[in-house]
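Below is one structure, written out as structure tokens, with a few remarks after it.
There are 2 protein chains.
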Amino acid sequence: MPGAQVTPVTAHPRLALNQWTTRRWSLAEAIDGCVRHGVRGLGVWREKVAEIGIAEARRRIDDAGLAVTSLCRGGFFTAAGNAALAENRRAVDEAAALGAPLLVLVAGGLPAGSRDVTAARGRAQEVIAELVPYAASAGVRLALEPLHPMYCADRCVLSTLAQALEWAAPFDPSAVGVCVDTFHIWWDPTVLASIAAVAAAGRLATYQVCDFMLPIPADALLARGMMGDGVIDFAPMTAAVAASGYTGPVEVEIFNADVWAEDPDSVMTRMVSSFAEFVAPSL
Amino acid sequence: MPGAQVTPVTAHPRLALNQWTTRRWSLAEAIDGCVRHGVRGLGVWREKVAEIGIAEARRRIDDAGLAVTSLCRGGFFTAAGNAALAENRRAVDEAAALGAPLLVLVAGGLPAGSRDVTAARGRAQEVIAELVPYAASAGVRLALEPLHPMYCADRCVLSTLAQALEWAAPFDPSAVGVCVDTFHIWWDPTVLASIAAVAAAGRLATYQVCDFMLPIPADALLARGMMGDGVIDFAPMTAAVAASGYTGPVEVEIFNADVWAEDPDSVMTRMVSSFAEFVAPSL
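Quick mapping for you: the protein sequence lines, in order, are chains A and B. Position 196, counted from 1, in the first sequence is what the working numbering calls 196; the numbers after and before it change by one each time, with no gaps. In short: position in the second sequence from 1, add 283, done, that's the working numbering.
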């Protein structure tokens with residue numbers, strides 16, 4: 001296997017690869033990579049699934065003995081027009097067909113030409129309310145993901161865990177949970193209490209880890225880094241997640257030009273060892 | 284006067300220039316620029332004052348009939364060593380000598396090599412507690428400024444108005460207030476309630492306006508823009524400030540490479556008209 005390396009550290013049983021971390025890999029390559037590196041869970045992306053089709057994707061994942069930990073992603077509810085609901089229903093269908101337990105939702109930013117963040121938030125909540133019954137009947141949990149406030153205008157008007165809890169409140173916890181991602185929330189002075197509140201509400205749907213890199217790159221979306229390479233202390237948030245009783249997978253999701261340029265097998269090796277060093281001790 | 288232009292819009296009586304907006308100008312030039320454009324308040328920077336000395340700076344400002352609205356800035360409490368307190372006492376002395384009603388404080392980021400944001404926050408609060416009696420006896424109010432969360436690691440571990448209120452709580456409102464700056468807080472889903480809470484606590488020390496520009500530039504500090512050029516809706520926050528009973532100056536503080544490259548007189552003209560269009564109607 002070209003690029004294959006001996007993994008010096010055994011992969012933690014709860015470590016999951018979010019496949020955008022090894023973006024160059026096809027889904028089939030990511031599945032093989034997980035098997036090779038002992039990683040048992042895989043968060044998949046719709047774009048990658050579409051390359052081979054859902055049935056084939058599910059067969060390969062099942063044959064490899066991997067668990068699908070999430071489907072990325074739905075959302076972008078704030079764009080003008082009515083396309084968002086239909087597109088999100090398709091994403092729910094795909095999640096159900098893949099056996100993904102949850103669909104990660106990114107709310108969307110300000111509509112083109114608008115500065116009305118309050119209206120955009122209201123619109124996102126409206127579309128979520130329309131989507132929830134459809135997702136619930138399909139057995140797919142929606143995971144609201146607050147994104148870092150630097151993305152509020154162009155990507156996601158949902159910015160904190162507390163706000164995500166408010167958005168989720170009208171719905172049953174089995175239908176709407178919250179995605180806790182270290183990159184987006186580490187700065188929040190209430191982050192530990194908010195993680196506890198999310199869990200107490202029965203809504204801690206998934207825990208994602210990656211680091212926050214400085215300086216922020218020209219494409220600010222790519223400021224995510226391997227654990228240990230940036231400024232985040234993973235121990236307190238991970239301990240809060242563990243104390244909350246969450247026992248599910250922990251996905252590593254990294255958008256980073258250097259990581260994407262690296263040999264994906266090397267990324268897997270680093271991911272396994274970084275997870276063991278910075279995340280696992282508090283889990 | 285080279286570059287002087289006729290200002291088509293009369294400057295709002297509460298509009299103040301933060302002199303970093305016209306960074307190329309010396310303090311003397313900024314004073315002349317304010318007079319020329321009918322701007323009555325000036326937020327001054329220590330670096331610019333130092334070029335001519337405090338006595339001369341004060342004489343020129345007084346002779347021009349301008350009000351000093353703030354001194355920028357103190358803070359950076361989280362750096363290793365004990366230099367921060369002494370440096371901030373000097374900043375307080377300068378504010379008192381200039382007749383500045385308040386000293387703006389930027390808390391500082393993570394100390395070099397540290398990822399412990401909780402410890403950095405604790406350290407900042409400790410130094411503030413040491414500084415308060417000195418500032419109070421000098422008649423200088425300290426204005427805690429929460430900065431956008433994207434600066435949490437490298438610039439300011441104080442990120443929200445709610446957090447600033449917590450930090451200020453042990454001290455008399457006349458001694459410690461909060462700086463409300465649209466750029467840093469516009470994304471906050473609780474921003475309007477937080478502005479009201481800051482004001483209800485008697486701590487709304489100053490209101491600063493500028494826009495949030497996308498994409499975030501390579502130097503993320505320079506993402507500030509002229510009102511109307513970015514994504515911020517100034518009406519709701521300005522209305523909240525007005526409803527709170529704040530009647531003080533409104534400073535325009537812009538860090539932006541394009542604005543700094545522009546003729547400062549042109550910047551002043553745009554500032555006066557942008558303020559009239561986007562801020563004044565809600566004030």
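A virtual CB, placed ideally from N, CA and C, is assigned to each residue, including glycine. Predicted model only: the values in this text are computed from it and were never measured.
For residue i, three-class secondary structure by DSSP
| i | result |
| --- | --- |
| A:G321 | Lying outside 1 to 283, the shown extent of chain A, residue 321 of chain A is not represented and no answer is given. |
| B:L441 | coil |
| B:S397 | coil |
| B:V322 | coil |
| A:S70 | strand |
| A:W167 | helix |
| A:M1 | Reliability of the predicted coordinates at A:M1 is poor, the pLDDT of 48 falling under 50, and the value obtained from them is presented with this limitation in mind. In the structure shown, A:M1 sits in coil (DSSP, three-state: anything other than H, G, I, E or B). |
| A:R23 | coil |
| A:G230 | coil |
| B:G391 | strand |
| A:L147 | coil |
| B:S477 | helix |
| B:E545 | coil |
| A:Y246 | coil |
| A:V9 | coil |
| B:A484 | coil |
| A:I54 | helix |
| B:D502 | coil |
| A:C122 | Per the sequence shown, the amino acid found at residue 122 of chain A is Gly instead of Cys. Helix. |
| A:D188 | coil |
| A:N256 | coil |
| A:A153 | coil |
| B:L414 | helix |
| A:L283 | coil |
| B:G316 | helix |
| B:R553 | helix |
Inter-residue spacing [alpha-carbon to alpha-carbon] between residue i and residue j
| i | j | result |
| --- | --- | --- |
| A:G225 | A:I232 | 10 Å |
| B:A523 | B:C462 | 14 Å |
| B:M284 | B:A452 | Caution is warranted here: a pLDDT of 48 is assigned to B:M284, below 50, making its placement in the model unreliable, and the coordinate value is therefore given only provisionally. Approximately 48 Å between the Cα atoms of the pair. |
| A:A196 | A:E126 | 27 Å |
| A:K48 | B:E312 | 59 Å |
| A:C72 | A:A143 | 10 Å |
| A:A83 | A:A124 | 13 Å |
| B:L441 | B:E428 | 7 Å |
| A:E277 | A:W260 | 22 Å |
| B:D512 | A:A243 | 45 Å |
| A:E253 | A:I128 | 24 Å |
| A:W25 | B:T401 | 38 Å |
| B:L386 | A:A86 | 53 Å |
| B:E570 | B:L310 | Only positions 284 to 566 of chain B appear in this structure, which leaves residue 570 of chain B out of reach. |
| B:R424 | B:R372 | 12 Å |
| A:E56 | A:S114 | 41 Å |
| B:F538 | A:V132 | 43 Å |
| A:R58 | A:G65 | 11 Å |
| A:L105 | A:Y207 | 14 Å |
| A:A175 | A:V92 | 12 Å |
| A:A218 | A:D258 | 13 Å |
| A:V35 | A:E262 | 19 Å |
| A:L204 | B:G321 | 55 Å |
| A:D172 | B:L300 | 51 Å |
For residue i, the residue or residues it bridges with in DSSP
| i | result |
| --- | --- |
| A:E251 | A:A16, A:Q208 |
| A:L142 | A:L103, A:V176 |
| B:V327 | B:L354 |
| A:D181 | A:Q208 |
| A:G225 | A:D211 |
(request) May I ask you to list, following chain order, the residues of the stretch 213-225 of chain A that have a beta carbon less than 9 Å from some beta carbon of chain B? (result) L214, P215, I216, P217, A218, D219, A220, A223
(request) Name, going along the chain, the residues of the stretch 382-409 of chain B whose beta-carbon falls closer than 8 Å to a beta-carbon of chain A. (result) L393, R398, D399, V400, T401, R404
(message) Closer than 7 Å between beta carbons: that is the criterion. Which residues of the stretch 152-181 of chain A meet it against chain B?
(response) C152, A153, D154, S159, T160, Q163
(request) Decide if the stretch 429-443 of chain B is in contact with the stretch 373-383 of chain B; the criterion is three or more beta carbon pairs, one per stretch, under 8 Å apart. (result) no
(message) Any C-beta of chain A within less than 7 Å: which residues of the stretch 319-349 of chain B qualify?
(response) none
(message) Please list, in chain order, the residues of the stretch 415-436 of chain B that have any C-beta partner in chain A closer than 8 Å.
(response) H431, P432, M433, C435, A436
(request) Indicate whether the contact test is met: 3 or more Cβ pairs, each with one atom in the stretch 193-213 of chain A and one in the stretch 458-477 of chain B, closer than 8 Å. (result) no
(request) May I ask you to verify whether the stretch 55-74 of chain A touches the stretch 30-44 of chain A, counting CB pairs closer than 8 Å and requiring at least 3? (result) yes
(request) Name, going along the chain, the residues of the stretch 466-479 of chain B whose beta-carbon falls closer than 7 Å to a beta-carbon of chain A. (result) W470, P472
(message) To be precise: take each residue of the stretch 520-538 of chain B, compare its Cβ to all Cβ atoms of chain A, and keep it if any distance is under 7 Å. Which residues remain?
(response) none
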